[in-house]
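In UniProt numbering, the protein residues as written are 1 to 295.
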């Protein structure tokens, strides 16, 4: 009897919050089974937990880009490029002069005229050197050296004569007729434009000599080509004189006569000093040749 009263009174006694929390038992999570996750999901979760792994590929690409930036591309040689451009323009100049030698339709480089004269002189000099090379090589050393020096003097004399002819025509056209549109180099370029056939004649002669095609039968052809080239060189000056734009009333016939007189004077001066040196060298060579045979 007393026990029943005690239990009933205990049941009717109000429950405090502390007693309620102590009576609630948390569930045991250790005995709960977690469903298995796929391997890919586990790997992704591990990667997410550990953070992204560093990769070497972006750094390698960055290093390659930096090396390319530090190594500039090779630039073309400006001298070679300028030479190619000059050669191409000069070839166009030659082609235009062959098509229409009497008409200069465009401005050209001011050194093209000197280039044409140089090619002509060097080609003829090499042709003569190849023709006489075997004979000179058989001579004694002192005589061969003397012949070479005399030959170089002759080449230099021809070059001076050609420049002197152009200079005389320029002096008369510019000074007496008053046509001052061109400088001396530009005048030389236009002068050579009218006679550029001599460039092809001289180069053709050199090629024939190098190929061994010069013989007795081809001597006449070579003489004809050289004569035509020389004639064109003389005609070019006359043509430029009579096509000049005169700014005064000086007659062109009288200007042509003055050109003739000046050319004679120039030839006499050059021949006097140039030929005396050349003839002296030839005489010395003959004396050396005679001594080699005990004459």
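Cβ atoms here follow ideal geometry from the backbone N, Cα and C, with glycine treated the same way.
Bear in mind that the values here come from a model prediction, so they are computed numbers and not experimental data.
Just curious, the alpha helix (DSSP H) that residue 191 is in, first and last residue?
Locating residue 191 in the chain shown gives position 191, where the first residue counts as 1. Element bounds for residue 191: 184-193.
Same chain, Cβ closer than 6 Å to residue 193, five either side skipped, listed in chain order
Along the chain shown, one-based indexing puts residue 193 at 193. These residues qualify, in order along the chain: 97, 104.
Kindly indicate which residue of 277, 213, 232 has the alpha-carbon position closest to the one of residue 131.
Counting from one through the chain shown, the residue named residue 131 turns up at place 131. Nearest option by C-alpha distance: 213.
Is residue 81 helix, strand or coil when you go by DSSP?
On the chain shown, position 81 is the one that residue 81 refers to. Residue state, collapsed to three classes: helix.
Can you give me the C-alpha to C-alpha distance between residue 257 and residue 93, rounded to a whole angstrom?
As a position in the chain shown, residue 257 is number 257, starting the count at 1. As a position in the chain shown, residue 93 is number 93, starting the count at 1. Their backbone Cα atoms lie some 31 Å apart in a straight line.
Which first and last residues belong to the alpha helix (DSSP H) in which residue 200 is found?
Residue 200 sits at position 200 when you count from the first residue of the chain shown. Where residue 200 is concerned, the enclosing alpha helix (DSSP H) stretches over 197-210.
Three-way DSSP call (helix, strand, coil) for residue 162 in this model
One-based indexing of the chain shown puts residue 162 at position 162. Three-state DSSP puts residue 162 in a helix.
Under 8 Å by Cβ, that's how I've got residue 233 and residue 195 pegged, so tell me the actual separation to the nearest angstrom.
Looking up residue 233 in the chain shown gives position 233. Looking up residue 195 in the chain shown gives position 195. With a Cβ gap of about 5 Å, residue 233 and residue 195 count as contacting.
What is the DSSP secondary structure of residue 228, counted as helix, strand or coil?
By 1-based counting over the chain shown, the position of residue 228 is 228. The answer is helix: DSSP assigns residue 228 an H, G or I state.
Would you check if there are 3 or more beta carbon pairs closer than 8 Å linking the segment 271-278 to the segment 151-168?
yes
For residue 213, does the three-state DSSP call read helix, strand or coil?
Locating residue 213 in the chain shown gives position 213, counting from the first residue. Residue 213 falls in the coil class under three-state DSSP.
Reducing DSSP to helix, strand and coil, say where residue 25 ends up.
In the chain shown, the residue the question calls residue 25 occupies position 25. At residue 25, the pLDDT of 48 sits below 50, so the modelled position is not reliable; the number obtained from the coordinates is stated separately. Residue 25: coil per DSSP, three-state reduction.
Using 8 Å as the limit for Cβ to Cβ distance, is residue 79 near chain D?
In the displayed structure, chain D is absent; only one protein chain is listed.
Note down the Cα distance separating residue 236 from residue 228, rounded to an integer number of angstroms.
By 1-based counting over the chain shown, the position of residue 236 is 236. By 1-based counting over the chain shown, the position of residue 228 is 228. Rounded to the nearest angstrom, the two C-alpha atoms are 12 Å apart.
Quick check: the Cα distance between residue 79 and residue 169, rounded to an integer number of angstroms?
What you label residue 79 is simply residue 79 of the chain shown in a count that begins at 1. What you label residue 169 is simply residue 169 of the chain shown in a count that begins at 1. Using only the alpha carbons, I get a separation of about 34 Å.
For residue 108, does the three-state DSSP call read helix, strand or coil?
Taking the first residue of the chain shown as 1, we reach residue 108 at position 108. Residue state, collapsed to three classes: coil.
Assuming contact is defined by CB atoms lying nearer than 8 Å, are residue 206 and residue 126 in contact in what I supplied?
The residue you call residue 206 lines up with position 206 of the chain shown. The residue you call residue 126 lines up with position 126 of the chain shown. Yes, the pair counts as a contact, with Cβ atoms nearer than the cut-off.
Alpha-carbon to alpha-carbon, residue 267 and residue 300:
The first residue shown for the chain is 1 and the last is 295, placing residue 300 beyond what the model contains.
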